[in-house]
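> One structure coming up, written as structure tokens, with questions to follow.
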Amino acid sequence: SRDGKVTSHFSAGAVDLVDIDVEDERAALTFTETQMGRKREPDAVKWIDDNHFATANEGDMDGGSRGWTIFHKDGSVVYEAGNTFEHAIVQIGHYPDKRSDSKGVEPESIETATFNGTPMVFVGAERSSAVGVYDVSNPSAPVLKQLLASGIGPEGYVSIPERNLLISANEVDLIEDGGVRAHVMVYEYQNAPAMYPTLTSAGADELIGWGAISGMVAGEGKTIYAVNDSFYGFQPTIFTIDASQTPARITDATVVHRKGRPAQKLDMEGITTDGNGGFWVASEGRTGRMVPHGLYHINAKGEIKKEIALPAELLAVEKRFGFEGVTRVGDTLWMATQREWKDDPKNHVKLVSYNTATGEWGAVHYPKAEPAKGWVGLSEIVANGDYFYVIERDNQIGSNVVTKKIYRIPAADMVPAALGGTLPVVSKEEVRDLIPDLKSYGGYVVDKVEGLAITSDGEMFVSTDNDGVDDSSGETFFWSVGKVN
Numbered sequence: 011s012r013d014g015k016v017t018s019h020f021s022a023g024a025v026d027l028v029d030i031d032v033e034d035e036r037a038a039l040t041f042t043e044t045q046m047g048r049k050r051e052p053d054a055v056k057w058i059d060d061n062h063f064a065t066a067n068e069g070d071m072d073g074g075s076r077g078w079t080i081f082h083k084d085g086s087v088v089y090e091a092g093n094t095f096e097h098a099i100v101q102i103g104h105y106p107d108k109r110s111d112s113k114g115v116e117p118e119s120i121e122t123a124t125f126n127g128t129p130m131v132f133v134g135a136e137r138s139s140a141v142g143v144y145d146v147s148n149p150s151a152p153v154l155k156q157l158l159a160s161g162i163g164p165e166g167y168v169s170i171p172e173r174n175l176l177i178s179a180n181e182v183d184l185i186e187d188g189g190v191r192a193h194v195m196v197y198e199y200q201n202a203p204a205m206y207p208t209l210t211s212a213g214a215d216e217l218i219g220w221g222a223i224s225g226m227v228a229g230e231g232k233t234i235y236a237v238n239d240s241f242y243g244f245q246p247t248i249f250t251i252d253a254s255q256t257p258a259r260i261t262d263a264t265v266v267h268r269k270g271r272p273a274q275k276l277d278m279e280g281i282t283t284d285g286n287g288g289f290w291v292a293s294e295g296r297t298g299r300m301v302p303h304g305l306y307h308i309n310a311k312g313e314i315k316k317e318i319a320l321p322a323e324l325l326a327v328e329k330r331f332g333f334e335g336v337t338r339v340g341d342t343l344w345m346a347t348q349r350e351w352k353d354d355p356k357n358h359v360k361l362v363s364y365n366t367a368t369g370e371w372g373a374v375h376y377p378k379a380e381p382a383k384g385w386v387g388l389s390e391i392v393a394n395g396d397y398f399y400v401i402e403r404d405n406q407i408g409s410n411v412v413t414k415k416i417y418r419i420p421a422a423d424m425v426p427a428a429l430g431g432t433l434p435v436v437s438k439e440e441v442r443d444l445i446p447d448l449k450s451y452g453g454y455v456v457d458k459v460e461g462l463a464i465t466s467d468g469e470m471f472v473s474t475d476n477d478g479v480d481d482s483s484g485e486t487f488f489w490s491v492g493k494v495n
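For the sequence shown, our numbering puts the final residue at 495, and the numbers step up evenly by one.
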């Protein structure tokens, strides 16, 4: 009451959760487990109207309660999200797999307000760095209108409906890792298409979890194939993306396997088609962790049919930062090495060739930018017409970014020399600076621009890697930069 007396009290109760992931040690997104009677244990509560209030159900114990609830003031449950809030976050690539055994997406905060006559609830998920925007005109049947990327680790929200604003406060500060500082994000309610997400698996026949998108290649029409990297080491996957839709949609996921089991010891960073319905994948090695550098021939069902190890000349000089992209011209595969290996001149990296018919290896040198801070390397390579296109980027984030660019190399320059000797240096021409594109989304500029695909009609699509939502905002940006000239 207004004088501080408790007029009633009741338990927030418990929820039965099905089709969730409760294991964080297997590096895979597997939504098959069940947790019954999980206490809601709300971490935030907010009135919607005189009779209803909403709770963000963190659930401090035993895996978390993962959703949110609308109660009537008499204590009865009017609406329970169950697994639906978490599943919606899974579909936009924001699921934090490392938190699967500890509260999942972790609803941490809740805000209510009326915008343009519509009562809304905003549910903040701390560990997935996202906020759900719900229309609660009917408290018993809320409608999820949008998911917003919130910044890293949102702890609270405040609405200013008279200015059409929603503001999030994000507690994570990554200064020691050279990352972004704790920050505030401001969102404006508009009568316009949503800017985010840019990639989703919503609408697929079954729930598809995804993240850490690295290499890409164009298939027929506006079909794009993409691979995830070693963050999901027990679930290496080739995703099928329909880029004709907005947002682009993941329609299928094919697990890469050996003899029916998900393939191990892979770090898939590049993919190209083989011309016969299958793929070649480049895996970035890490010798200290027993992950080999290599090329893998994979059929349309995801089965590894052939494995190609690097030759002795490359293994003798290898370092951790290996193949980050692969493309095919006829029988020849070309791989982009991310950073200098032991025998490379400063600020030069190898573009390595492998002839699938003869088994012959070769290489040229690519001149990359001098880093202003950290390092600069290559993240992708795509052959198209008379040019090879590469992504050159630094490993910086936010206000420290300098280099996130697409360059092209004349195909005539791509004449490989024998390994172990002097390599020819190719020329390059800037095609597009991607930093303005990344800034246009309104948040801080993300680090890992890693995917490039060029369709048969010349349209270029670019994507970013969200690091599996680990010390990351979880954002994946997938966008078109127009057609090649």
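Every residue, glycine too, gets a C-beta built ideally from N, C-alpha and C.
1. Identify which residue in VAL374, GLY23, TYR199 has its Cα closest to the Cα of GLU350.
2. Straight-line CA distance for LEU154 to ASP26?
3. DSSP state of GLN406, grouped into three classes?
4. If you reduce the DSSP assignment to three classes, tell me which class GLY478 lands in.
5. In the DSSP output, what is ILE418 paired with across the bridge?
6. Check GLN45 in the structure and name its three-state DSSP category.
7. Check each candidate in GLY387, PRO117, THR366, GLY395 and name the one with the smallest Cα separation from ARG403.
8. Please list, in chain order, all residues of the same chain as TYR144 whose beta carbon is under 6 Å from its beta carbon, the five residues on each side excluded.
9. Measure the beta-carbon distance from LEU209 to PRO257 and round it to whole angstroms, keeping in mind my assumption that it falls under 8 Å.
10. May I ask you to list the residues that DSSP assigns as paired with ILE464?
11. Can you tell which of SER466, ILE120, THR44 has the C-alpha that lies nearest to the C-alpha of ALA179?
12. Hey, how far is the Cα of PRO520 from the Cα of THR264?
13. Please report the distance separating the alpha-carbon of LEU184 from that of THR337.
14. Is the Cβ-Cβ distance between GLY503 and ALA346 less than 7 Å?
15. Relative to the alpha-carbon of ASP111, which residue among PRO434, GLU35, TYR397 has its alpha-carbon at the smallest distance?
16. According to DSSP, simplified to helix, strand and coil, what is ARG137?
17. So, do the region 268-276 and the region 220-235 have three or more beta carbon pairs nearer to each other than 8 Å?
18. Just the Cα atoms here: how many angstroms apart are THR282 and MET470?
19. Should PRO164 go down as buried or exposed, given a rule of 16 or more other Cβ atoms within 10 Å for buried?
20. Thinking C-alpha only, which one of THR17, GLY298, SER147, VAL16 is nearest ASN126?
21. Would you tell me roughly how many angstroms separate the C-alpha atoms of SER502 and VAL459, rounded to the nearest one?
22. Considering Cα atoms alone, identify which of SER437, ASP354, LYS329, PHE289 is closest to ALA300.
23. Are the region 231-242 and the region 183-200 touching by the rule of at least three beta carbon pairs closer than 8 Å?
24. Taking C-beta to C-beta, are GLU43 and ILE30 nearer than 7 Å?
25. Give every residue of the same chain whose Cβ lies closer than 6 Å to the Cβ of PHE488, excluding the five residues on either side of it in the sequence, and list them in chain order.
26. For the beta strand (DSSP E) containing ASP187, name the first residue and the last one.
27. Residues in its own chain within less than 6 Å of ALA204 by CB, not counting five upstream and five downstream?
28. Just to confirm, are ASN410 and TRP385 a CB contact at a threshold of 7 Å?
29. ALA322 lies in the alpha helix (DSSP H); which residues open and close that run?
30. Could you tell me how far apart the beta carbons of SER21 and VAL88 are, in whole angstroms, since I believe they sit closer than 8 Å?
31. Going by beta-carbon coordinates alone, are TYR417 and LYS449 separated by less than 7 Å?
32. Measure the Cβ-Cβ separation of GLY312 and HIS358 and say whether it is below 7 Å.
33. Where do the N-terminal and C-terminal ends of the alpha helix (DSSP H) with VAL100 fall, by residue?
34. Are the beta-carbon atoms belonging to ASP423 and VAL412 less than 7 Å from one another?
35. Rounded to whole angstroms, what's the CA-CA distance from GLY231 to GLY280? Just pull it up for me.
36. Is the Cβ-Cβ distance between GLY395 and SER138 less than 7 Å?
Inspection of the coordinates gives the following:
1. Of the residues VAL374, GLY23, TYR199, the one whose Cα lies closest to the Cα of GLU350 is VAL374.
2. About 21 Å.
3. In the structure shown, GLN406 sits in coil (DSSP, three-state: anything other than H, G, I, E or B).
4. In the three-state reduction of the DSSP assignment, GLY478 falls in the helix class.
5. For the record, residue 418 in the displayed sequence is Arg; it is not Ile. Within the DSSP secondary-structure output, ARG418 pairs in a beta bridge with TYR399, GLU439.
6. Shown here, GLN45 sits in a strand according to DSSP, grouped into three states.
7. Out of GLY387, PRO117, THR366, GLY395, the CA that lies nearest to the CA of ARG403 is found in GLY387.
8. Contacts found: VAL131, PRO152, LEU154.
9. Sure, about 6 Å apart at Cβ, within 8 Å.
10. For ILE464, the beta-bridge partners assigned by DSSP are MET470.
11. When each option's Cα is compared against that of ALA179, the closest is ILE120.
12. The requested residue 520 is not part of the displayed model; the chain covers only 11 to 495.
13. Approximately 35 Å, taken between the alpha carbons.
14. The displayed coordinates of the chain run from 11 to 495. Any statement about residue 503 would go beyond what the structure contains.
15. Here the closest residue by C-alpha is GLU35.
16. Three-state DSSP puts ARG137 in coil, outside helix and strand.
17. Short answer: they don't touch.
18. Spanning the alpha carbons of THR282 and MET470 requires a straight line of approximately 15 Å.
19. Classification for PRO164: buried.
20. Closest option to ASN126, judged by alpha-carbon separation, among THR17, GLY298, SER147, VAL16: SER147.
21. Outside the modelled stretch of the chain, which goes from 11 to 495, sits residue 502, for which no answer is possible.
22. In the sequence under discussion, the amino acid at residue 300 is Met, which differs from the Ala named in the question. When only C-alpha atoms are compared, the closest one is LYS329.
23. Look at the beta carbons and you see the region 231-242 not touching the region 183-200: under three pairs across the two are nearer than 8 Å.
24. Going by C-beta atoms, GLU43 is nearer than 7 Å to ILE30.
25. Same-chain partners within the cutoff: THR208, LEU209, ALA258, SER473.
26. Unbroken run through ASP187: none, as it is neither H nor E.
27. The residues are GLN156.
28. No, the Cβ-Cβ distance between ASN410 and TRP385 is not below 7 Å.
29. That run of the alpha helix (DSSP H) goes 322-325.
30. The beta carbons of SER21 and VAL88 sit about 16 Å from each other, so the pair does not count as a contact at 8 Å.
31. No; because the gap between Cβ atoms is not below 7 Å, this pair is not in contact.
32. Not a contact, by the Cβ cut-off of 7 Å.
33. For VAL100, the enclosing alpha helix (DSSP H) starts and ends at 94-101.
34. It is not a contact, given that the beta carbons lie outside the stated cut-off.
35. For GLY231 and GLY280, the gap between their C-alpha atoms comes out near 20 Å.
36. With contacts defined as CB atoms closer than 7 Å, GLY395 and SER138 fail to qualify as a contacting pair.
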